[in-house]
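Take the sequence shown: its letter number 59 is residue 59 in full-length UniProt numbering, and every next letter is one higher.
By construction, the Cβ of each residue, glycine as well, lies at the ideal position given by its N, Cα and C atoms.
Notes follow once the structure below has been shown.
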Amino acid sequence: MLRRERLLRKRGERRRLDCIQFTFHSGHKSIMAWAAVGYNFKSKLYFVSYEGEGKGFTQQKYAEQILRGPLKEIFEAKAQPVKEIFDISGDFFCVEDNSPVHGKKNTPKNKGFCNAVRLECHINSIDWPPVSPDLNPIENIWRILKQLLRNRKPHGGWNLEDLKEAMVDIWDHEISIENHINHFIDTMPQRIWKVIWRRGGPSGW
Numbered sequence: 001m002l003r004r005e006r007l008l009r010k011r012g013e014r015r016r017l018d019c020i021q022f023t024f025h026s027g028h029k030s031i032m033a034w035a036a037v038g039y040n041f042k043s044k045l046y047f048v049s050y051e052g053e054g055k056g057f058t059q060q061k062y063a064e065q066i067l068r069g070p071l072k073e074i075f076e077a078k079a080q081p082v083k084e085i086f087d088i089s090g091d092f093f094c095v096e097d098n099s100p101v102h103g104k105k106n107t108p109k110n111k112g113f114c115n116a117v118r119l120e121c122h123i124n125s126i127d128w129p130p131v132s133p134d135l136n137p138i139e140n141i142w143r144i145l146k147q148l149l150r151n152r153k154p155h156g157g158w159n160l161e162d163l164k165e166a167m168v169d170i171w172d173h174e175i176s177i178e179n180h181i182n183h184f185i186d187t188m189p190q191r192i193w194k195v196i197w198r199r200g201g202p203s204g205w
């Protein structure tokens, strides 16, 4: 069994530098981006803001910046054309994973806030199995975006504005609907079969 070791300083060693455990904080900053993909469809790339009430990116911020923003607009603009193109009778659905920020699960804490906003905005979000990034094609798209960013600056060193500009440029001009988005969506039958065959294990996607 592992035990935590304790070290005792001798008298007079309290302020010696070699007897102090220092804590270091990274100067790195991060950004969060959001986008939607579908067959023959790619939305704009959006950057979300952490500013406002609450620490980090909260369900309230997700609802205001995404659900009531671009996702609502996508549903209003795309639902009817998709039904007409594919002769779909029924509802138009989107996939959101089970990140707590998405508020897919009603809890006493969130009081079903995000799900109420989805109803308000007529957004149909399909139930999604937990811990299943290999079933979501957009994860493959994010991976390609990150790799193309690394190709531009293998050693990093981006400032935030240059990073955003590069991400938008790659998203708009290098992420292909036909070669990337449609390609990965076309693999969904294989992914589902592989997960079933592996009894819920990793599919390799």
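Just checking my contact of residue i with residue j at CB under 8 Å: how many whole Å lie between their CB atoms?
i: F47; j: A33; result: 6 Å
i: L145; j: I175; result: 6 Å
Nearest by alpha-carbon distance to residue i: which of the options is it?
i: residue 222; options: F92, E76, R68; result: This structure does not reach residue 222, given that the chain is present from 1 up to 205, and the question cannot be answered.
i: K72; options: D97, S125, Q190; result: S125
i: E120; options: W158, A63, E161, F92; result: A63
i: I141; options: E13, L8, I196, D172; result: D172
i: A166; options: E13, I31, L8, R9; result: I31
i: K194; options: N151, S132, G56, F57; result: S132
i: Q147; options: G201, N159, W197, I170; result: I170
i: L45; options: G156, M188, L163; result: L163
i: residue 207; options: G56, Y39, E51, E53; result: Residue coverage of the chain in this structure runs from 1 to 205, which leaves residue 207 outside it and unanswerable.
i: residue 271; options: D127, P70, P108; result: Because residue 271 is not part of the residues shown, which for the chain are 1 to 205, the question remains open.
i: V37; options: G12, E13, P70, K55; result: P70
Below 7 Å CB to CB, which residues in the same chain sit around residue i once its five sequence neighbours on both sides are set aside?
i: H122; result: F75
i: M1; result: Residue placement at M1 is poorly supported in this model, since its pLDDT is 44, which falls under 50; the coordinates still yield a value, given next. The answer is none, since no qualifying residue turns up.
i: N106; result: G112, N115
i: Q59; result: V101, G103, N110, F113, C114
i: R143; result: none
At what residues does the beta strand (DSSP E) containing residue i begin and finish?
i: I123; result: That residue, I123, is in no beta strand (DSSP E); it is neither H nor E in DSSP.
i: V95; result: 93-95
If I follow the unbroken alpha helix (DSSP H) through residue i, where does it start and stop?
i: D184; result: Correcting the residue identity first, residue 184 is Phe in this sequence and not Asp. 183-186 is the span of the alpha helix (DSSP H), which, as asked, contains F184.
i: D172; result: 160-173
i: Y62; result: 59-62
i: I31; result: Element bounds for I31: n/a, residue is neither H nor E.
i: L8; result: Looking at the DSSP string, L8 is not in any alpha helix (DSSP H), and its letter there is neither H nor E.
i: R143; result: 137-152
From the beta carbon of residue i, is the nearest beta carbon of chain B less than 8 Å away?
i: N106; result: Considering every chain present, this structure includes no chain B. It has just one protein chain.
Take residue i and list the residues in its own chain whose beta-carbon comes closer than 8 Å to its own, dropping the five residues that flank it on each side.
i: S49; result: K61, Q65
i: G201; result: V195
i: F57; result: M32, V48, Y50, V101
Note down, in chain order, each residue of its chain lying with its Cβ closer than 6 Å to the Cβ of residue i, except the 5 sequence neighbours on either side.
i: R191; result: L135, S203, W205
i: P129; result: none
i: R117; result: Strictly speaking, residue 117 in this sequence is Val, with Arg absent from that position. Once the five neighbours on either side are set aside, the close Cβ partners of V117 are A63, L67.
i: W158; result: none
contact_flag[the region 129-145, the region 182-194] where n(CB pairs < 8 Å) is 3 or more
As far as the Cβ criterion goes, the region 129-145 touches the region 182-194, which means the pair count is three or higher.
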